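A quick write-up on the structure given underneath.
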Amino acid sequence: MANGVRVRFAPSPTGDIHIGNLRAAIHNFLFARHEGGKFLLRIEDTDRERNTPQAIASLLDYMAWMGLDFDEPPVYQSKNLAIHKEAAERLLKSGHAYRSTKGAEGKGEAIIFRLNFDVSYSDIVKGPLAKSAADLKDFVILRSDGTPTFHLANVVDDIRMGITHVIRGDDHVENTFKHVPLFRALGAEPPRYAHLPQIVNEKGRPLSKRDGDVNVGEFRAKGYLPDALFNALALCGWSPGDDREIMTREEMIEAFSLERVRPSPARFDYRKLEWINSQYIARMPAERLRKLLDAELASAGLDAGCRDDNWWKILLEPVRPRLKTLKDFVPLVRTFFEQPETYEPKDVRKYLAEGNGRRFLEDLLGAFGAVADWTAQSAGEALQKYAEGKGLKLGEVAQPLRVALNGRAVSLPMDATLFLMGKDEVLARIRRCLQRTAGA
RNA sequence: GUCCACAUCGUCUAGCCAGGCCUAGGACAUCAGAUUCUCAGUCUGAGGACCGGGGUUCGAAUCCCCGUGGGGACACCA
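Counted the way this note's numbering counts, the first sequence spans residues 13 to 452.
And the structure:
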């Protein structure tokens with residue numbers, strides 16, 4: 013099924029990947045995989061000042077993080093400079109271009125491509141597009157300093173790489189009227205084009221850095237999973253045509269087609285990404301999740317070294333549905349590593365000062381103390397039995413206990429909390445709370 | 001200003017190309033109810049859209065025209 017499809021993602025490495033570009037990369041990837049073709053990477057590193065080695069390393073790192081595996085070694089555009097120049101000279105000889113100093117302000121002669129004829133092409137997502145000679149004008153392909161412009165470099169490299177489909181943002185639609193004739197003048201058949209709609213912000217304008225959260229790095233830092241981001245971005249401008257939204261990569265590959273990409277701009281839905289992320293967390297294998305969460309603890313300076321498999325097993329179940337992102341984890345479990353610094357006054361008043369909360373806590377000291385084998389089940393049962401014995405609803409004792417253990421009336425379910433905290437710690441915290449809130 | 005596309009719930013979209021199956025489907029978000037030891041989650045339900053105007057047609061969200069709106073492109077940037 014190798015039908016010769018070759019596509020490329022051609023970012024200029026400026027340190028981080030904008031989600032608009034990332035979406036283009038994803039669609040290129042999906043298309044290549046769907047067609048059984050090749051997905052290539054070309055690093056457009058001709059701007060030497062901005063394109064540092066670290067920027068390139070970070071680009072490669074993000075590609076790997078997203079699982080955007082390319083099929084051939086990356087092509088570095090900066091290495092093709094001589095070839096670009098040679099192409100410009102060939103166009104000069106063939107009469108497609110000419111030398112001129114126009115608009116250069118004394119910089120010397122540049123090579124200009126002659127564009128004085130009608131151009132048309134058929135875009136896979138936008139349909140047939142045409143421009144008449146009157147609306148087109150000659151353009152520079154080789155600057156007076158001998159360096160190629162984007163248009164020349166882009167086209168020459170695409171020819172060299174055997175690119176069959178160019179899938180990119182639709183801010184390039186107009187450029188294509190330059191690129192198509194360039195391909196022909198260089199004796200090559202132009203590739204098929206698919207221009208992806210822009211991703212816009214709240215105001216309908218293209219996403220810019222000022223909007224915040226536009227770079228992959230920011231999403232990674234905020235605890236989003238690469239697969240969730242991939243899924244959300246794949247759905248940006250594209251849909252499988254049925255009602256599926258959460259899809260595995262294989263399902264997306266299977267369903268993907270450029271014909272189904274919408275031509276109109278799309279706002280990126282951050283809330284939906286959040287939801288998608290929570291879905292991925294909910295479905296993720298426990299082993300992987302544990303590894304990721306362990307890293308979260310480490311970066312928060314919390315040592316989980318002494319926690320065993322069972323501890324994690326008990327923890328994961330109630331934690332999963334509470335995570336929208338990985339960053340929600342530490343606040344949920346900090347209480348298992350550190351005593352509460354303060355007791356929420358509102359909760360103290362409601363659950364300890366006003367009712368019989370303090371009495372319950374004192375009783376619980378005994379009830380818990382009597383539990384020999386401390387598990388989530390046994391600790392939970394002790395609590396339940398105590399409540400039943402008093403003719404109380406579980407909540408009536410659970411809430412005061414929450415305040416004593418966590419400093420506030422919100423926590424994971426009590427059975428898990430009791431176990432995860434450990435018997436000694438539970439008893440110690442109850443005593444401490446009784447002391448600190450005495451007379452409150 | 002010129003040229004080019006675009007326009008369905010608050011948002012992302014299905015439907016449009018091949019007009020009737022659309023009293024316009026799904027998802028996120030919102031609201032309500034249920035479950036419940038808190039918070040989440042889950043389940044059930046509700047509200048919510050074819051930009052406007054003309055045409056074509058027995059019939060238009062779907063085809064055509066005009067208008068409007070927001071956008072893109074007009075560099076010796078990429």
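From the three backbone atoms N, C-alpha and C, an ideal C-beta is built for every residue, glycine too. Note that this is a predicted model, so its numbers are computed, not measured.
### Own chain partners of residue 233 with C-beta closer than 7 Å, once the 5 adjacent residues on each side are dropped
Cβ neighbours of residue 233 beyond the five flanking positions: none.
#### Entry: Among 42, 202, 191, the one whose alpha carbon lies nearest that of residue 245
Ranked by how close their Cα comes to the Cα of residue 245, the residues 42, 202, 191 have 42 in first place.
### Where residue 14 falls, given that 16 or more other Cβ within 10 Å makes a residue buried
Any reading at residue 14 must be qualified, since the residue scores a pLDDT of 48, below 50, and its modelled position is unreliable; the value itself is stated next. Its Cβ having fewer than 16 others within 10 Å, residue 14 is exposed.
### Query
If residue 349 and residue 314 are in contact, beta carbons under 8 Å, what's the gap, nearest whole angstrom?
5 Å between Cβ atoms; contact.
### Message
Would the region 97-115 count as touching the region 142-155 if we require 3 or more Cβ pairs under 8 Å?
### Response
The region 97-115, when compared against the region 142-155, does touch it at the 8 Å Cβ threshold.
### Query
Where do the N-terminal and C-terminal ends of the alpha helix (DSSP H) with residue 140 fall, by residue?
Taken as a continuous stretch (DSSP letters only), residue 140 belongs to no alpha helix (DSSP H), being part of the beta strand (DSSP E) at 139-143.
### Message
Counting beta carbon pairs with one atom in the region 101-109 and one in the region 129-142, are three or more of them shorter than 8 Å?
### Response
Short answer: they don't touch.
#### Entry: For residue 420, the first and last residue of its enclosing beta strand (DSSP E)
That residue, residue 420, is in no beta strand (DSSP E); it is neither H nor E in DSSP.
### Query
Residues in its own chain within less than 8 Å of residue 68 by CB, not counting five upstream and five downstream?
Cβ within range, chain order: 25, 55, 57.
#### Entry: residue 145 classed as buried or exposed, judged by whether at least 16 other C-beta atoms fall within 10 angstroms
Of the other Cβ atoms in all chains shown, fewer than 16 fall within 10 Å of the Cβ of residue 145; this residue is therefore exposed.
### Query
Counting Cβ pairs, one atom from each stretch, are 3 or more of them under 8 Å apart for the region 251-270 and the region 180-200?
Too few Cβ pairs lie closer than 8 Å, so no.
### Query
Straight-line CA distance for residue 72 to residue 429?
Their backbone Cα atoms lie some 41 Å apart in a straight line.
### Message
Using only CA atoms, which one of 211, 187, 183, 162 lies nearest to residue 127?
### Response
The option with the nearest alpha carbon to residue 127 is 187.
### Task
Report, in whole angstroms, the separation of the C-beta atoms of residue 175 and residue 18, which I expect to be a contact under 8 Å.
Rounded, the Cβ-Cβ distance is 5 Å, consistent with contact.
### Query
Looking at C-beta atoms only, is the number of pairs between the region 198-213 and the region 78-91 that lie closer than 8 Å three or more?
At 8 Å Cβ cutoff, the stretches do not touch.
### Spatial neighbours of residue 441 in its chain, beta-carbon cut-off 7 Å, leaving aside the 5 residues before and after
The residues are 351, 416, 417.
### Message
Can you tell me whether residue 422 is buried or exposed? The criterion is at least 16 other CB atoms within 10 Å of its CB, across all chains shown.
### Response
It is exposed - the Cβ of residue 422 has fewer than 16 other Cβ atoms within 10 Å.
### Message
Using only the alpha-carbon positions, how far apart do residue 270 and residue 51 sit?
### Response
Distance between the alpha carbons of residue 270 and residue 51: 15 Å.
### Task
Determine which residues share a DSSP beta bridge with residue 134 and list them.
Paired residues: 140.
### Query
According to DSSP, is residue 177 helix, strand or coil?
Looking at residue 177 - three-state DSSP - the assignment turns out to be strand.
### Task
Tell me where the alpha helix (DSSP H) around residue 17 begins and ends.
Counted as a single uninterrupted DSSP element, the stretch harbouring residue 17 is not any alpha helix (DSSP H), since DSSP gives it neither H nor E.
### Task
Grab me the residues of residue 448's own chain with a C-beta within less than 8 Å of its C-beta, minus the 5 sequence neighbours each way, in chain order.
355, listed in sequence order.
### Message
For residue 435, which residues in the same chain have their Cβ closer than 8 Å to its Cβ, ignoring the five residues on either side in sequence?
### Response
The residues are 380, 383, 386, 391.
### Query
Where does residue 148 fall in DSSP's three states?
Three-state result, residue 148: coil.
### Query
Which partner residues does residue 55 have in the DSSP bridge list?
For residue 55, which the question treats as bridged, DSSP gives the partners 88.
### Query
Taking the Cβ atom as the reference point for each residue, do residue 409 and residue 399 lie within a distance shorter than 8 Å?
In this structure, residue 399 lies closer than 8 Å to residue 409 by Cβ.
### Message
On the criterion of 16 or more Cβ atoms from any shown chain inside 10 Å, does residue 290 qualify as buried, or is it exposed?
### Response
Under this definition residue 290 is a buried residue.
### Task
Give the DSSP-derived three-state secondary structure of residue 251 in the structure shown.
It is coil, neither helix nor strand.
### Message
With H, G and I counted as helix, E and B as strand and the rest as coil, what does DSSP make of residue 202?
### Response
Secondary structure of residue 202 (DSSP, three-state): coil.
### Query
In three-state DSSP terms, what is residue 275?
In the structure shown, residue 275 sits in coil (DSSP, three-state: anything other than H, G, I, E or B).
### Task
Give me the Cα-Cα distance between residue 30 and residue 281, rounded to the nearest whole angstrom.
About 15 Å.
### Inter-residue CB distance, residue 231 and residue 247 (contact presumed, cutoff 8 Å)
In fact, because the Cβ distance is near 15 Å, the residues do not count as touching under 8 Å.
### Task
Entirely within the region 296-367 and at least 4 residues each: give me those alpha helix (DSSP H) ranges in chain order.
The region 296-367 contains these whole alpha helix (DSSP H) runs: 298-311, 321-331, 341-345, 357-360.
### Environment of residue 353 [buried if 16+ CB atoms lie within 10 Å]
Classification for residue 353: exposed.
### Query
How would you label residue 369, buried or exposed, when you count the other beta carbons within 10 angstroms and need 16 or more for buried?
By the neighbour-count criterion, in which 16 or more other beta carbons inside 10 Å mark a residue as buried, residue 369 falls on the buried side.
### Query
Thinking just about the alpha-carbon of each residue, which of 252, 135, 264, 377 is nearest to the one in residue 204?
If we check each option's Cα against that of residue 204, 135 comes out closest.
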